[in-house]
């Protein structure tokens, strides 16, 4: 979920919505991800998807960076558009997939934007209409959603619609409990910090699933944390990374922090940003302070640095 800063609108008109969806679709196809549900509200967006080769961070970073630049230019505004970063919840597919689809697709009715499911069937700013066959959304995996309700499309759509309607009689959000849907924290570093302090067991605000699922996911994440901790205890810092990369690429630290846009300098900055996040687990704000640039610049640099590092 992504929300406008101070809950301000992130869509002014239908052109904004169309452009957002077009870019979302391009990113989903490019990263070979699968979308099962989505809805655009005035000041926030919900998307349920299975990330592909690049992971959720790549999809969302590219989408939100592009859209913020587009929105500010089109509407002649400056400053941040989104509230911090996006909020994500890791979902155990078998248990919670359908509940999340229903939760997301019922948003327009619960918000009073449309009056009933019949109207929702043709509402263009939700994936529900695509599942019902009333609109086309080539990048949404409607076939997978319908397959959860039957093998024949017509019967599956009827069963899906009945499932959506039944959700109107369920207290908002009560399906999405267990394993930890309270609210999303600021990032994996926050979750891991809490785990180290013993504040949570097999229960985590960013993971929606049963205890074993949560445990297994945290074990996977902690492998990355262990690598980062080894680097941390070795005494390596972002200052060391800056010196290493500048020496390797024959770029002066002064030029690097001076905002130079020379290609070699930009590449060096990108690699430093990427390695600082991967090896040290630093936030974009911390990296920005050390490089003397804006956090939005760091976000773009990380994506570029990843490509350069893997080239």
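Residue numbers (our numbering): 9 to 319. Ideal Cβ placement from N, Cα and C applies to all residues, glycine included.
#1: For the segment 73–88 against the segment 146–164, are there 3 or more C-beta pairs whose distance is under 8 Å?
#2: Let me check understanding here. Comparing Cα to Cα, which of 31, 48, 136 and 176 lies closest to residue 20?
#3: Inspect the CB distances between the segment 31–46 and the segment 129–149 and report whether three or more fall short of 8 Å.
#4: With DSSP as the reference, label residue 49 as helix, strand or coil.
#5: Near residue 318, what residues of its chain come up, given a Cβ to Cβ distance below 7 Å and the 5 sequence neighbours on each side ignored?
#6: If we ignore side chains and look at the alpha-carbon of each, how far apart do residue 304 and residue 280 end up?
#7: If the criterion is Cβ atoms closer than 8 Å, does the pair residue 178 and residue 89 meet it?
#8: Just list the beta strand (DSSP E) runs in the segment 276–306, keeping only unbroken ones of 3 residues or longer that don't cross its boundaries, in chain order.
#9: What is the rounded straight-line gap between the Cα of residue 150 and the Cα of residue 123?
#10: CB-CB under 8 Å to residue 316, same chain, minus the five flanking residues each way: which ones, in chain order?
#11: Just the Cα atoms here: how many angstroms apart are residue 67 and residue 311?
#12: Measure the Cβ-Cβ separation of residue 246 and residue 290 and say whether it is below 8 Å.
#13: Could you tell me the alpha carbon to alpha carbon distance between residue 11 and residue 261, rounded to whole angstroms?
#14: Do the segment 56–76 and the segment 18–38 meet, that is, are 3 or more Cβ pairs less than 8 Å apart?
#15: Excluding five sequence neighbours on each side, which residues of the same chain lie with their C-beta closer than 8 Å to the C-beta of residue 259?
#16: Closer than 8 Å by C-beta to residue 238: which residues in its own chain qualify, once you throw out the five before and the five after it? Chain order, please.
#17: Quick one: Cα of residue 167 to Cα of residue 87, how far?
#18: Tell me the residue span of the alpha helix (DSSP H) that contains residue 65.
#19: Quick check on the burial criterion: 16 or more other C-beta atoms within 10 angstroms. Buried or exposed for residue 115?
#20: Taking 8 Å as the threshold (beta carbon to beta carbon), is residue 249 in contact with chain C?
#21: Please list the terminal residues of the continuous alpha helix (DSSP H) segment that includes residue 33.
#22: Suppose the cutoff is 7 Å on Cβ atoms and the five residues either side in sequence are ignored; what does the same chain contact list for residue 130 look like?
#23: Looking only at C-alpha atoms, which of 284, 56, 176 and 84 sits nearest to residue 118?
#24: Report the residue from 299, 147, 297 and 75 whose alpha carbon sits nearest the alpha carbon of residue 23.
#25: Express the C-alpha separation of residue 265 and residue 309 in angstroms, rounding to a whole number.
#26: By alpha-carbon positions, which one of 113, 306 and 155 ends up nearest to residue 56?
In short, the structure shows the following:
#1: no
#2: 48
#3: Output reads yes: the segment 129–149 touches the segment 31–46.
#4: coil
#5: Closer than 7 Å at Cβ, skipping near neighbours: no residue.
#6: 15 Å
#7: no
#8: With a minimum length of 3 residues, no continuous beta strand (DSSP E) run stays inside the segment 276–306.
#9: 24 Å
#10: Excluding positions up to five away in sequence, the list reads 275, 278, 279 and 282.
#11: 10 Å
#12: yes
#13: Looking at the two C-alpha atoms, the distance is approximately 36 Å.
#14: yes
#15: 253, 272, 273 and 276
#16: Low per-residue confidence applies at residue 238: pLDDT is 48, beneath 50, and the placement is therefore not dependable enough to give any value.
#17: 45 Å
#18: 64–82
#19: It counts as buried.
#20: No chain C appears in the structure shown, which is made up of a single protein chain.
#21: 22–38
#22: 137 and 142
#23: 176
#24: Checked all of 299, 147, 297 and 75; the closest Cα to residue 23 is 75.
#25: 14 Å
#26: 113
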